[in-house]
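Protein chains in written order, with the numbering used here: chain D, 400 to 660; chain Y, 1278 to 1914; chain S, 1001 to 1218. Heads up, the beta-carbon is just placed ideally off N, CA and C, and yes, glycines get one too. What follows is a short report on a single structure.
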Amino acid sequence: MSGTMNITLKVWRQAGPTAPGGFEEYKAPGISPDMSFLEMLDVVNERLIEGGKDPIAFDHDCREGICGMCGLMINGSAHGPSKLTTTCQLHMRSFKDGDYITIEPWRAKAFPVLRDLVVDRGPLDRIIQAGGFVSVATGSPQDANALPIGKLEADEAMDAAACIGCGACVAACPNASVSLFTAAKISHLGLLPQGQPERYRRALHMVAQMDLEGFGGCTLFGECMEACPKGISIDFIKRMHGDYIWGAVTEKPEKVALGSG
Amino acid sequence: MKLDSKVPSGPVKDMWDKHRFEMKLVNPANKRKYHVIVVGSGLAGASAAASMSELGYNVSCFAYQDSPRRAHSIAAQGGINAAKNYRNDGDSIHRLFYDTVKGGDFRAREANVYRLAQVSVNIIDQCVAQGVPFAREYGGLLANRSFGGAQVSRTFYARGQTGQQLLLGAYQALEKEIARGGVKMYNRHEMLELVLVDGVARGIITRDMVTGAVEAHVADAVVLGTGGYGNVFYLSTNAKGCNVTATYRAYKKGAAFGNPCFTQIHPTCIPVAGDHQSKLTLMSESLRNDGRVWVPKRKEDCGKKPSEIAEEDRDYYLERKYPSFGNLSPRDISSRAAKEACDDGRGVGPGGRGVYLDFADAIKRLGAKEISERYGNLFEMYQRITDEDPYQVPMRIYPAVHYTMGGLWVDYNLMSTIPGLHVIGEANFSDHGANRLGASALMQGLADGYFVLPYTIGHYLASNKFEKVTADHPEFQAALEAVKTRTTRLLGVKGKRTVDSFHRELGKIMWEKCGMARNAAGLKQAIQEIPSLREEFWKNVNVPGSGGELNQSLEKAGRVADFMEFAELMCIDALHREESCGGHFREEYQEEGEAKRNDDQFCYVAAWEYAGDGQAPVLHKEPLEFENVHLATRSYK
Amino acid sequence: MRKFWDSSVGKKVVMGLTGLVLVGFVLGHMAGNLQVFMGMERYNAYAKLLQEDIIEITWAVRVALLVSVVLHVTAAWQLTRRSWDARPVAYALREAQVSTYASRTMRWGGIYLFLFLVLHLGQFTLGWTWLFPEYAKGAAYGNVVLAFGHPFWVAFYLVAMFFLLLHLFHGTWAVLRTLGLAKNAAEPLQRRLPLIIALVVTVGFSLVPLGVALGFVR
């Protein structure tokens, strides 16, 4: 593709977590359609710095769609208009000359803005801490092939495990619910034999943590699945609910073992 | 400085067992009294932090991203090697060891490589136990594929996201330990200085990237798992934030830097599209299993559509030059062959810096469905970036900086020349010699973190007495002051040029003069140009904002400032090594276009010691002895 | 129990289970209503059956329904509050991508349905004469004919049925997923059975006021 385009940006600017924020408009002429969206922001930032202004802060790292660090609300949709695409993999050829692009940070009480378009996604780590793991310590587990796992089960677990933790599901959800993220991890581990012993306990603890962090509940709008750059299915939310219900029904009090040692 | 590799005596296959027995242990009740700092949360850092916490040590872990799960290990696509021999195709620990030493062009330490091959089998077991969803056969057993530079199928994979899945396994183990209280995690914290007390590593200085607070952290040992320095080239497949700062700061405090010029150029990346390019994207090497690499035989054909170039007018140069490995030739060889073809004027695509990777034959043979099953996500990624459909037209690829074999020098215990400073993963000068084989980086990161460091750090802690030190110690206060002064200096220049413009210029110098092919004249020129660029940087850089806030320009400025100094060290190392080996190709040293190693003079690890600003670094040599894999010319013909 | 009710998933499960009870009720109620087309005698006999002959069962059902409605509405209200709290700063621009109109109107539609429910009970069961002066006890058929002689009541009823259609279209689809029972689907947002249920119920109910208004029932 040849030729460049001129676009106008409307960007959320906020100096710090407690500072008031607001939108500012920037002209971005001479943008190549081969640029990624973040490269376009790089260009805008270079011009801002040269003009003596503060550049726009935004999170990014790998720029190949896997680290989950980037994430912007672009024209009202999380990660912008292309399906199955992170912000860093969105290219300017998805826009046209003269476009007016609104850029906002992820909005949720649980994701406070740190600066401009950068938010704190700490709650996602804390949800994993609540049970998103298999409790095995480094050591000498059995031989990897001693535990056969059907290809289809492994594939389905992989579908869930593909989550990159970007938070687009929260951003896109009208309820600011984190169900898709939480369900993806519960399902990844719950679908595998390694995850069975802790399966229901995990679901109970992770759901409790996501509520504690102040996310909204799931009403199955389906927006999360559409926004997810890895196409994670809301079927996993259903699975999380099933595990949660079974866990709640069969929950036993955790006893403290006495007399050991 | 004396380089003592501390390699145990005896036959290589018994060394690790023997050493494990000989190392001192820390009493379980005493472990929690020891505080270990781990910088970095990639495969090496996360696995080390989690494993040490499980043992009972008190661990602090630092990452510059907002979560440990984002470290760049996550981007590794292809897979992880292990000598499981599940395929019954002749693999063994010895063969993986042999392949790695040979693939590294005989510039790695045999003892370390053997240990790596030994623990590789444990890694797969450990990862499966954690719930890593590796690819499976219908029978439920693990699937394998072959990878560049190997003739056996020993690579385990999870679609094209193996690094992600392995990192998530380590990340989950880390989060488990954070929840238990064994690890304290510091996200969005950048290490800016290493602190030595009485010559021993006792802590670090960090900057909180949200508030700007500069803080001192005291510990009994420091572990760096801070990755590679490929971003010295500006354009690389590394994440934008990857940097040399932690290892370079340690170098300036006395840690020897090993083989800094050994850089891996990956052959299958998407070519540069324009000046705006901010990073390069790698296409997994696994594509070379089914794709055929070619360029037109005649320069005149380069402008034509690939479909208009007849079969007999195509030069499948890898198959022609290296018939036994063909398209699966090792990375350094494939990269150089691509460069030669393009230098010859037969490159394709904009700027003539590209070669075709063609799937037409594979699609004919296996069907588009099978190809999509194998590489679907890679094809989609390619199309998203280039707007071309690789099912219809061949991909265009070109080599790009991908991995750095060089790093801080470490002994068999993974300890640098600074007592207490341990270095793991890509950050150390590593087990890959002068060239890393595909799917071996993940293996090394996890081997170091899960199965080597947890033993050796105990030995270090049990063997030494630690005086109580607090952040009030004059060394910590001096380091804090130094960091603050440097920040003030960067912010105070208020010149005309942006940080990125300097970084781009540095990258251009490095790519042209210290890239895929190097020569003495170019390197000498680079050694002239870099200091003057550095001088201009400190006079004319414009870093907006202040130090007391989230300031991404300031973060970049600090990293680029270190790259500016480090680049010179790389060039000095490249200039001194008057031979071609692995990723280091000196144009003066070749035979019929193939790299010509000089084992008589250069069969050693070059470990550079910092001698003060403006002083030439001091070279120390660790001679390499090959008792098990005999020195031979590496041939893939 | 407390923990279950406090969790967002627990509340959704309560909404789902009570929703199922209410879906069962509307199906039965609709079938009963359609007897209006079988003449006054039949219809009044049906009303007598419910209100006199098996009154004990009727009361048991009423209590179950009342509990269901209370739980359904309470959980919905609390979850709505949580959602509003979860995003204190709204987006300047947000484009719905795949969510249905039905899913987005669950809350406002639900409020209308609740209002409708109260007035509907007042009109036909409790006999609030301030609301519906023509009400005559025991004359179920006559009440229906008189009520839907007023265009206002027809319109009020049909609007409620429109929201019921939307509510059931989303609710009957979502309930199986909320309870973790649905099968995996390539296109999980696609739904056929919920559309059929929603249409049957809505059309079935709407036939009664329309039948009166158009003169088929008099």
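Of the candidates Y/Gln1442, Y/Gly1408 and Y/Glu1492, Y/Gly1408 places its Cα closest to the Cα of D/Gln595. S/Lys1012 is classed as buried because its beta carbon has at least 16 other beta carbons within 10 Å across all chains shown.
Shown here for Y/Glu1454: same chain residues with a beta carbon closer than 8 Å to its own, the five before and five after excluded, namely Ala1326, Ala1327, Ser1330, Glu1331, Val1336 and Val1460 in chain order. The beta-carbon of Y/Arg1413 is placed less than 7 Å from the nearest beta-carbon of chain D. By the Cβ criterion, the stretch 1132-1143 of chain S is in contact with the stretch 1039-1059 of chain S, since at least three pairs of Cβ atoms, one from each stretch, lie closer than 8 Å.
Exposed is the label assigned to Y/Lys1295, since fewer than 16 other Cβ atoms lie within 10 Å of its Cβ. Nearest C-alpha to D/Gly530 among D/Cys565, D/Leu588, D/Glu612 and D/Ser431: D/Leu588. Fully contained in the stretch 1358-1383 of chain Y is no beta strand (DSSP E) run of length 3 or more.
For D/Glu622, the chain S residues whose Cβ falls inside 8 Å of its Cβ are Ala1096, Gln1097, Val1098 and Ser1099, in order along the chain. Around the Cβ of Y/Phe1374, a 10 Å sphere holds 16 or more other Cβ atoms; the residue is buried. Counting of Cβ neighbours within 10 angstroms places Y/Gln1669 among the exposed residues, the total staying below 16. The beta carbon of Y/Asp1402 sits closer than 7 Å to some beta carbon of chain D. Residue range Glu1387 to Gln1407 is occupied by the alpha helix (DSSP H) that includes Y/Ser1397.
Collapsing the DSSP output to three states places Y/Gln1867 in a strand.
Each of D/Leu440, D/Val518, D/Gly538 and D/Gly497 was checked against the Cα of D/His490, and the nearest Cα belongs to D/Leu440. DSSP, reduced to helix, strand and coil, places D/Pro428 within a strand of the structure shown. No Cβ-Cβ contact shorter than 7 Å links D/Asp610 with S/Ser1083. For the stretch 1046-1127 of chain S, the full-length alpha helix (DSSP H) segments reaching 4 residues or more read 1055-1086, 1101-1104 and 1106-1124 along the chain.
For chain Y, the residues of the stretch 495-519 of chain D that bring a beta carbon within less than 8 Å of one of its beta carbons are Leu513, Arg514, Val517 and Asp519, in chain order.
What S/Val1013 touches in chain D, judged by beta-carbon distance under 9 Å, is His640, Tyr643, Ile644 and Ala647, going in chain order. A distance of 7 Å or more separates the beta carbons of D/His459 and D/Pro628. S/Val1009 belongs to the set of residues whose beta carbon lies under 7 Å from a beta carbon in chain D. Against chain Y, the CB of D/Asn544 has a partner CB under 7 Å away; the residue lies at that interface.
For D/Ala427, no Cβ of chain Y is located within less than 7 Å of the residue's own Cβ. Y/Gln1541 carries a strand assignment under DSSP once its states are collapsed to helix, strand and coil. Against chain S, the CB of D/Phe457 has no partner CB under 7 Å away; the residue lies outside that interface. Counting along the chain, Y/Pro1305 sits inside the alpha helix (DSSP H) bounded by residues Pro1305 to Lys1308. Look at the stretch 1549-1605 of chain Y and you find these whole runs of alpha helix (DSSP H), each 4 residues long or longer: 1594-1598.
Assignment of Y/Tyr1732 by DSSP, reduced to helix, strand and coil, places it in the helix class. Within the stretch 1328-1347 of chain Y, the residues whose Cβ lies closer than 8 Å to some Cβ of chain D are Ser1328, Glu1331, Gln1342, Asp1343, Ser1344, Pro1345, Arg1346 and Arg1347, listed in chain order. The straight-line gap separating the alpha-carbon atoms of Y/Arg1465 and D/His604 is approximately 26 Å. Here the C-alpha atom of D/Ile465 lies approximately 39 Å from the C-alpha atom of Y/Leu1302. Counting along the chain, Y/Phe1843 sits inside the alpha helix (DSSP H) bounded by residues Gln1829 to His1853. Pairing Y/Arg1297 with Y/Ala1711 gives a Cβ-Cβ distance that is not under 7 Å. If the five residues before and after D/Arg525 are omitted, its C-beta is found closer than 7 Å to the C-beta atoms of Gln608 and Glu612, all from its own chain and listed in chain order.
Below the 7 Å Cβ cutoff, chain S contributes Ser1103 and Met1106 as neighbours of D/Thr618, in chain order.
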